[in-house]
Amino acid sequence: QVHLQESGPGLVKPSETLSLTCSVSGGSINSYYWAWIRQPPGKGLEWIAYISDTGYTRKNPSLKSRLAISVDTSKKQFSLTLSSVTAADTAVYYCARQNYRDPLFFFDSWGQGTLVTVSS
Amino acid sequence: DIQMTQSPSSLSTSVGDRVTITCRASQSISTYLNWYQHKPGKAPNLLIYAASSLESGVPSRFSGSGSGTDFTLTISSLQPEDVAIYYCQQSFSTFSFGGGTKVEIK
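These protein sequence lines map, in sequence, to chains A and B. Residue numbers for the first sequence, in our numbering: 1 to 120. Residue numbers for the second sequence, in our numbering: 1 to 106.
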């Protein structure tokens, strides 16, 4: 059973950069896509981006200009950086495995999530 | 962008009751629809993929149906451990989620 664990600072100042890493254990990072999803307090889930094991990425257009995502298969980790954060970026951030069974993708393993608060 | 609308936003019912949650897409998404269960403080859990396929290990009291724009998640006999928030999610055009349905025991 694959296990995902998010890590990173829980508090980021406005205008600074949010950085998170997801560590994958109990399974291979290869041959899958890996995603970031967030949930602001009291709101619904929002897909942020995904990356393949070979580095192919796709990003939510609403965040694309501030977003970078990378993967390190040797460490079995993938990472997210979001620049110029504001209070609107305060959320629980989840990493997830994006699996494919013809004809669609779904998120079949998730981390427990990490709360990131943007505040001075 | 495809908008996903769930109803109701919350419900409270008795153990053993049948629970039905609906999800509507702003445009046709065929059967590119998944359902998740999310308990507080835990990782979300995939229940149903492709509108009606039960994920391995998920109890058979959960079922999904629908295609096009209208979808349903049914719990045939609500159990105490089913208290959670349920989300639909479309995979037709990138990804988007419904607003969630909170299920409680009366």
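Beta carbons: idealized from backbone N, C-alpha and C, even for Gly. Everything numeric in this text was worked out from a predicted model, so none of it was measured.
Check	Outcome
Where Arg66(A) sits in the DSSP three-state scheme	helix
N-terminal and C-terminal residue of the beta strand (DSSP E) that Leu45(A) is part of	Leu45(A) -> no beta strand (DSSP E), and no H or E assigned at all.
Inter-residue Cα distance where the pair is Ser60(B) and Leu54(B)	8 Å
8 Å Cβ cutoff, Asp89(A) in contact with chain B	no
Proximal chain A residues relative to Tyr87(B), where beta-carbon distance stays under 8 Å	Gly44, Leu45
Proximal chain A residues relative to Pro107(B), where beta-carbon distance stays under 9 Å	The question about residue 107(B) has no answer here: the residues shown for chain B are numbered 1 through 106.
Residues that DSSP places opposite Glu6(A) in a beta bridge	Cys22(A)
Three-state secondary structure (DSSP) of Glu104(B)	strand
Cβ pair Ser52(B), Phe105(A) closer than 8 Å	no
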